[in-house]
Each structure stands twice: as C-alpha cells, then as structure tokens.
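Okay, so here's the structure we're looking at.
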Amino acid sequence: MTSGTFDLIVVGFGAAGVAAAIEAADAGATVLAIDRGFGGGATALSGGIVYAGGGTRYQKAAGVDDDPGNMFRYLTQEVRGAVSDDTLRRFCDESAETISWLERQGASFQASLAPFKTSYPTDRHYLYYSGNEKAHPYKKHARPAPRGHRQIAKGLGSGKVLYSRLKASALKKGVVFLPHTTVDELIVEDGTVVGVRYRSADERNLPASYARRSVLAAKAGNWAPAIGERVAATLHRDWEGAARPGEARGHAVLLSGGGFVHNPEWMKKWSGPYRDISPLGTAADDGGVISLGLTAGGATDHMDRMTAWRFINPPSAMAEGVVVDGAGQRIANEDLYGATFADHMVREHDARGYLILDSKQWRKARRQIRTQTNSFQLLQLLYLYTIGHRKGRDLSALARKLDLPVNATAATITAYNSGILSGAGDPAGKAPELSSTVMSGPFFAVDLSVKNSPFYPAPGLTLGGLKVDEQSGGVLTESGQVIPGLFAAGRSAVGVCSVGYISGLSIADCFFSGRRVGRIVARAVEGTADPAESAAL
C-alpha cells in the first residue's frame with residue numbers, strides 16, 4: 008500500500024492528470040497518481056483529437072495559414088466567456104507548443120488534411136476542420152483553419168494510443184501510479200488540503216476477469232448504458248471485497264477525475280433539455296471528484312452546460328439537406344459542428360429535428376460512404392439506409408409521415424430552394440459547396456431528435472465543474488478565495504470548453520489546465536514560485 012508524502016497527488020489519471028504529473032515530474036517533483044480504473048478516463052475512450060492551432064508544424068506542412076491571434080478570434084465565439092480573454096489568449100499562444108510537448112511524450116500526428124466535411128476523419132487523414140471554422144457566422148470573424156490533430160492510430164484507437172503514450176512517459180519519469188483506488192476523503196488541516204484518504208484494491212486480489220470486464224463496462228456504458236451499469240455493479244462488488252484503506256500526504260492535491268454524466272441524480276438536477284443524451288465517459292464520470300472539492304468548500308459553475316453530438320455527416324452530402332423542427336421550421340445551417348447544431352436543436356427546438364433530403368442528395372451521400380467513413384460510422388449508416396429513415400413520394404407525403412405541418416415544412420424547403428436558385432445562397436448561410444436544392448422526389452427523412460436510442464444515440468458529456476483560479480488552477484470558494492493545497496483540472500473544473508464544445512477542445516483543455524497545475528508544483532519544487540503561487544500551495 009502506497010503511503011508517505013508527495014509533492015503532488017493526482018486524483019484521476021486521465022488527460023489532465025497525466026499532463027500535470029509529467030510537468031511536475033520533469034522538475035523532480037514526487038508524484039502519486041490515483042485512479043478508480045486503469046487510468047485514461049474519457050480520453051482513452053475518445054477519438055484522440057487534440058484541438059491545436061496558431062501555426063503547428065502540421066498546419067504549416069498542409070499549407071494552412073493560422074496564427075495565435077486568428078485562433079483567438081475564432082475561439083472567442085466558441086468559448087463565450089467561459090474563461091477570461093487573458094486565459095484564452097494564453098491557451099492559443101501555447102497551442103502549437105502543446106503539440107510539440109505531446110510529441111516529446113511519444114504522441115504522433117500527421118499533416119494529411121481531410122478534403123471533405125466530416126465529424127471524424129478516415130485513417131487516411133489526421134488533420135481536419137473539427138469545429139465551426141468554415142461555417143457561418145464563425146468564418147466572418149476569423150480565417151478558417153483546420154485545428155483537429157488526430158493521434159495516428161486505426162479507427163477509434165487514437166484516444167487509447169494517445170493516452171498510453173502519455174501514461175508511459177509519466178511512469179518512466181517516476182510517477183507512482185495507484186490504480187483501482189477511490190479517494191473517499193480529503194485531509195484538511197487549518198483550512199489547507201494536505202492529503203487524501205482512500206481505499207485501494209491490489210490487482211492480485213481481484214478476479215482474473217476484472218480487467219476484461221472493466222473494458223466491457225466502459226464501452227457498454229457509452230452505447231448500452233443499462234448493460235454497462237450491470238457490469239459496473241459486479242465490478243464494484245469485486246472491488247469492495249478486495250479494497251483496503253490507505254492515506255497519502257501531499258503539498259498539492261489535484262482533482263482531475265472527469266465530469267458527472269454517469270450520476271443520475273446530478274443529471275436529473277442539472278441536465279434540463281439534455282436529459283435524454285447517451286452518457287459518454289467512464290463509470291468514474293459520476294461527479295465523485297467534484298464532490299470532494301465541494302466538501303473542502305469549493306464552488307461550482309456551468310453545471311447546467313452539456314454537450315451532445317448529432318452529426319449530419321459523413322457522408323458530406325447529408326449536410327446538403329434541410330433540418331426542420333417539429334413545427335416545420337428550419338433549425339440552423341446544417342454545416343455547423345454537430346454539437347453546436349445539437350445545442351440549437353435541444354435548447355431552442357425541444358430537441359426535435361428531421362433531416363430532409365431529396366433523391367439526388369440521398370444517392371450522392373450513399374456513393375460517398377466508401378471513401379468518407381470509418382468502420383464505426385458504417386454501423387449507423389447501415390441503420391439509416393435500412394430502417395432508420397422515412398420516405399415519401401413528395402414533400403407533403405413525407406411531412407405527414409413525420410407528423411409535421413405540411414404547409415410550414417413546404418414553406419421552409421421553398422425558401423431554401425429559392426435562395427439557391429436565385430443565386431443569393433442559402434438564407435441560413437450554409438456554405439455554397441454544401442447547398443443544393445431539395446426538389447427531386449422521392450424525398451427522405453432522418454429523425455435527428457436527441458433521445459437515448461441504442462440504434463442512433465446522441466452521446467454527450469458534462470462541461471461544468473469546480474471553479475478555479477485561472478492563473479494557478481487552485482479551487483475557489485463561493486467568495487472567490489483559493490483553497491490552499493487544492494487544485495482542479497479537466498472536466499472536473501471550469502475550463503475553456505465549459506460553455507461550448509467542439510472536437511478536440513476538451514482534450515486540449517485537459518492538457519492546458521493539467522500542465523498549468525504541474526508547472527505550479529514544479530516551480531515550488533525548484534523554489535521559483537511567485538507569492539500568489541506559493542499561497543495556492
């Protein structure tokens with residue numbers, strides 16, 4: 008059982024936790040990393056996209072014109088005050104260097120730019136437009152630039168590979184890792200957090216099938232929550248039987264254990280119109296680490312902010328159609344990023360949406376499947392092209408099948424067609440290359456409504472968390488005072504993506520916020536911390 012005193016104790020060894028551990032260890036700090044599982048969190052289950060720009064070497068190799076100022080102008084539209092302008096500028100200024108830092112830990116990227124609009128690039132492409140960079144109105148305020156840097160790997164293995172490289176780097180630097188461990192309590196003395204009390208299970212005392220069932224629970228928890236919960240319950244019983252208490256002291260404790268999408272009570276309280284999303288993350292995304300911060304007097308913010316993804320593409324031709332709500336009204340320009348589009352649909356249109364395409368768009372999209380999709384995307388497209396759509400000989404027949412008002416739906420489609428035919432373009436501002444008329448019958452519709460469907464889920468996660476000082480990452484009280492010795496990062500904390508989400512921004516924020524805390528600890532070890540940083544410790 009691990010005990011003793013460390014310079015940094017990391018509670019939650021995902022992207023933010025491993026970033027902090029590496030930064031601190033590089034300065035010679037002693038680091039204990041604790042995780043309820045094997046480490047990795049939601050990052051290891053993700054597509055391994057890092058949102059980075061400002062002139063990364065991969066952008067330059069692809070001929071992309073970007074700089075930190077341009078990146079800042081774009082991200083101000085996405086971040087919408089979640090962090091201060093000064094913090095966002097620092098995030099943009101450090102962005103290109105973050106990619107270099109990741110490479111020093113073993114990560115790898117490429118400059119192969121995806122030539123079509125997609126929610127996730129194929130294995131031939133590792134750089135893409137992962138947000139709203141090319142969409143109206145975002146492109147009016149900043150030059151569009153692709154910033155989605157994907158870790159080189161096959162299919163959805165990029166997140167697992169990215170995290171495994173970072174974890175290996177951290178362990179090589181001397182970070183002590185304690186898996187299968189739950190922190191039950193923070194040790195607080197005279198208002199300062201000085202350590203943790205935990206329960207930990209030695210792998211030798213767990214069933215041989217524990218690791219395999221843990222992987223099953225993580226995957227099933229995202230796509231078949233009921234199955235995931237049952238498997239997780241058996242895992243917890245095994246863990247309870249093997250767990251033993253322990254205690255560790257630290258000069259700094261970092262809370263980086265993810266969000267709370269797997270906490271039914273908190274989701275019921277905070278999710279509002281996002282109540283029907285499919286939870287994306289691990290069983291540890293249950294708010295447990297955020298709760299630890301609350302017990303020490305920490306405050307939270309943006310707890311009602313969620314993200315859910317309803318991607319219209321690939322294939323890119325799907326975005327040429329029109330999405331209407333239950334009243335037959337247009338929701339937004341269909342080339343918006345999937346989470347941005349879903350936010351409009353969820354918050355302004357009762358989470359209901361129907362993508363309408365004509366026969367030429369439907370056939371074009373089907374032809375694009377072979378060249379624009381990954382294997383995991385084929386399953387959803389198989390559903391959509393078999394039993395997951397409705398068909399009508401004309402728009403009126405289709406509207407009636409969808410229980411939509413016929414006249415309102417027809418008026419919306421007519422306005423869209425008229426804008427294109429007149430040369431004025433789509434009234435909602437969709438890109439010309441994705442704007443084609445919806446006129447040739449028969450017509451097809453896909454139900455995009457956000458609901459927890461096993462065949463067509465709308466996965467999502469939480470964005471709010473503990474309030475932190477943006478210079479140090481120190482957890483703040485309701486009155487704005489830093490709690491000495493306590494820090495938070497990643498989705499356990501308020502960060503760059505706590506109001507709006509685009510692909511890769513959460514992982515990038517995990518690295519940014521985790522490294523911020525690691526640097527504070529590193530400077531304390533080196534004796535170069537300034538008074539404010541010393542006060543946080």
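Be aware that the sequence shown starts at 8, since it is given in the working numbering, and climbs by one per residue.
All C-beta atoms in this analysis are idealised placements derived from N, C-alpha and C, irrespective of residue type, glycine included.
The model shown is predicted, which means the values in this text are computed figures rather than measured ones.
- Counting along the chain, residue 386 sits inside the alpha helix (DSSP H) bounded by residues 382 to 392.
- Ranked by how close their Cα comes to the Cα of residue 372, the residues 42, 392, 69 and 158 have 392 in first place.
- In terms of Cβ geometry, residue 123 and residue 323 form a close pair [threshold 7 Å].
- When secondary structure is reduced to three states using DSSP, residue 33 falls in the helix class.
- The alpha-carbon of residue 272 is positioned some 20 Å away from that of residue 224.
- Inter-residue distance for residue 250 and residue 207 is about 5 Å (C-alpha atoms, whole angstroms).
- Taking 7 Å as the cut-off, the Cβ atoms of residue 529 and residue 34 count as close.
- By a beta-carbon distance limit of 8 Å, residue 199 does not contact residue 41. Their separation comes to about 19 Å.
- Taken through DSSP and simplified to helix, strand or coil, residue 285 comes out as strand.
- Residue 313 carries a strand assignment under DSSP once its states are collapsed to helix, strand and coil.
- Considering only 302, 257, 255 and 209, the residue with the shortest C-alpha distance to residue 485 is 302.
- The C-beta distance from residue 517 to residue 21 rounds to 7 Å, short enough to meet the 8 Å contact threshold.
- Put simply, the backbone Cα of residue 384 is about 9 Å away from that of residue 127.
- For the pair of segments examined, the segment 64 to 84 was found not to touch the segment 283 to 297: the number of CB pairs separated by less than 8 Å stays below three.
- Counting along the chain, residue 207 sits inside the beta strand (DSSP E) bounded by residues 199 to 208.
- Rounded to the nearest whole angstrom, the C-alpha separation of residue 246 and residue 157 is 35 Å.
- When the beta-carbon positions are compared, residue 89 and residue 506 come within less than 7 Å of each other.
- One Cα belongs to residue 436, the other to residue 67, and the distance between them is close to 29 Å.
- Pairing residue 260 with residue 292 gives a Cβ-Cβ distance that is not under 7 Å.
- Counting only runs of at least 4 residues, the segment 358 to 383 fully encloses the following alpha helix (DSSP H) elements, listed from N- to C-terminal order: 366 to 379.
- Here DSSP, grouped into helix, strand and coil, assigns residue 437 to coil.
- Its chain contains 516 and 520 as the residues whose beta carbon lies nearer than 6 Å to that of residue 502, once the 5 sequence neighbours on both sides are disregarded; these appear in chain order.
- Below 8 Å, too few C-beta pairs join the segment 173 to 181 and the segment 91 to 100 to call them touching: fewer than three.
- Counting only runs of 3 or more residues that sit fully inside the segment 11 to 64, the beta strand (DSSP E) segments are 15 to 18, 38 to 41 and 56 to 58, in chain order.
- It is roughly 8 Å from the alpha-carbon of residue 368 to the alpha-carbon of residue 445.
- The Cβ atoms of residue 296 and residue 499 sit closer than 7 Å to each other.
- The Cβ atoms of residue 14 and residue 457 do not sit closer than 7 Å to each other.
- Residue 315 places its beta carbon 7 Å or farther from that of residue 361.
- One thing to note: residue 39 has its Cβ no nearer than 7 Å to the Cβ of residue 193.
- When the alpha-carbon of residue 256 is set against those of 543, 103 and 16, the nearest one is in 16.
- Taking all protein chains shown into account, residue 215 has fewer than 16 neighbouring C-beta atoms within 10 Å of its C-beta and is therefore exposed.
- Taking a contact to require three or more Cβ pairs closer than 8 Å, the segment 54 to 62 and the segment 155 to 171 qualify as touching.
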